[in-house]
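Worksheet for the structure shown next.
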Amino acid sequence: MEVEFPEQVVNPTDIQIVANGKEVGTSQAFEVDSIPYQVIEVHAVFNMNGENYTTEKTSFTVQEKNNQRIQLQLSTDDLKRISDAEEARKLKEKEAQKSEEEKSKILNFLNEYRSAVFSSVANRSNTYARYYDTQSPAYKDMVDFTTGGGVRRAKIDYYRQGALEIQGITEENGIVTVKTYEDFTVYYVDSSRTSQNCKNKTYTLRRMGDSFVILDIVVDF
Numbered sequence: 088m089e090v091e092f093p094e095q096v097v098n099p100t101d102i103q104i105v106a107n108g109k110e111v112g113t114s115q116a117f118e119v120d121s122i123p124y125q126v127i128e129v130h131a132v133f134n135m136n137g138e139n140y141t142t143e144k145t146s147f148t149v150q151e152k153n154n155q156r157i158q159l160q161l162s163t164d165d166l167k168r169i170s171d172a173e174e175a176r177k178l179k180e181k182e183a184q185k186s187e188e189e190k191s192k193i194l195n196f197l198n199e200y201r202s203a204v205f206s207s208v209a210n211r212s213n214t215y216a217r218y219y220d221t222q223s224p225a226y227k228d229m230v231d232f233t234t235g236g237g238v239r240r241a242k243i244d245y246y247r248q249g250a251l252e253i254q255g256i257t258e259e260n261g262i263v264t265v266k267t268y269e270d271f272t273v274y275y276v277d278s279s280r281t282s283q284n285c286k287n288k289t290y291t292l293r294r295m296g297d298s299f300v301i302l303d304i305v306v307d308f
């Protein structure tokens with residue numbers, strides 16, 4: 088014998104088949120001692136997506152071939168629970184996908200920005216302006232560093248990029264706060280000297296169309 092669940096039941100686990108008050112199986116197929124034309128009452132207990140359900144009791148008459156398929160039913164309340172849980176699962180998956188897409192977009196933005204800064208350090212130029220709110224103090228600090236003599240005074244030759252990992256993203260009223268871990272190597276004009284830098288940073292970004300601009304950068308030493 089075998090029970091069939093309602094179509095809303097997908098990949099059930101922890102199945103228990105109960106016939107006439109006695110557990111007779113742990114899968115949809117089960118065996119029960121019976122004689123032809125005996126009436127048996129059966130129901131199932133199962134788990135789906137972390138929730139336990141119990142079907143309604145169904146009575147059937149045993150046939151001589153004893154290879155019957157018994158269609159089980161769930162209450163209206165349980166069908167609604169399944170529907171609500173499925174909607175919640177789909178929403179959670181959609182939010183997770185959106186979060187990953189947002190993280191990828193921000194990571195690409197920061198990688199592009201960092202490449203522009205490192206190029207600017209090497210060339211004592213400014214190729215990063217489009218990544219900033221150019222009225223922000225952070226932008227003015229970067230301009231002073233790359234073209235205003237900061238790099239020259241520090242005797243920096245160039246940077247070599249290392250890791251850039253996003254540790255967290257939060258957003259409030261269109262302002263995005265991004266926490267990162269970054270490392271890079273500094274090469275100095277005196278080629279015998281280098282230094283490895285590992286930093287935690289906090290970027291404050293504002294959405295600008297489909298991209299962002301940097302409002303502030305805080306280095307957490």
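The opening residue of the sequence shown carries number 88 in the working numbering; numbering runs sequentially from there.
No residue lacks a Cβ here, since even glycine has one placed at the ideal position from N, Cα and C.
DSSP bridge partner residues for residue i (one or two, in chain order)
i       : result
Met-295 : Ser-298
Leu-251 : Glu-269
Ile-157 : Val-90
Ala-116 : Glu-89
Asp-307 : Asn-287
Lys-109 : Ala-106
Tyr-215 : According to DSSP, Tyr-215 bridges with nothing at all.
Val-126 : Thr-148
Val-263 : Glu-258 and Leu-292
Backbone secondary structure at residue i - three-state DSSP
i       : result
Tyr-226 : helix
Val-276 : coil
Ser-186 : helix
Ala-131 : strand
Val-97  : coil
Thr-281 : strand
Asn-139 : strand
Asp-244 : strand
Ser-170 : helix
Ser-162 : coil
Thr-233 : helix
Ser-121 : coil
CA-to-CA distance, residue j to residue i, given in whole angstroms
i       : j       : result
Glu-89  : Ile-102 : 12 Å
Val-265 : Phe-271 : 19 Å
Phe-92  : Ser-191 : 41 Å
Lys-227 : Ala-209 : 18 Å
Asn-107 : Lys-144 : 10 Å
Gly-76  : Ala-175 : Any question about residue 76 goes unanswered here, given that the chain covers just 88 to 308.
Met-295 : Gln-222 : 15 Å
Val-273 : Thr-233 : 14 Å
Asn-50  : Arg-293 : Past the edges of the chain, shown from 88 to 308, lies residue 50, and the structure says nothing about it.
Gly-235 : Ser-207 : 12 Å
Ile-193 : Met-229 : 20 Å
Glu-199 : Ala-183 : 24 Å
Asn-154 : Phe-117 : 10 Å
Tyr-140 : Lys-152 : 30 Å
Ser-278 : Arg-240 : 16 Å
Val-204 : Asn-213 : 8 Å
Asp-120 : Phe-147 : 14 Å
Glu-94  : Ser-186 : 32 Å
Ala-216 : Ala-225 : 11 Å
Nearest-angstrom beta carbon gap, residue j and residue i [assumed within contact, 8 Å]
i       : j       : result
Tyr-245 : Gln-254 : Not a contact, Cβ separation roughly 26 Å.
His-130 : Val-96  : In fact, because the Cβ distance is near 13 Å, the residues do not count as touching under 8 Å.
Arg-201 : Leu-251 : 6 Å
Asn-284 : Asp-307 : Contact doesn't hold; Cβ gap of about 13 Å is too wide.
Thr-100 : Asn-134 : 5 Å
Glu-189 : Ile-256 : 7 Å
Tyr-290 : Leu-197 : 7 Å
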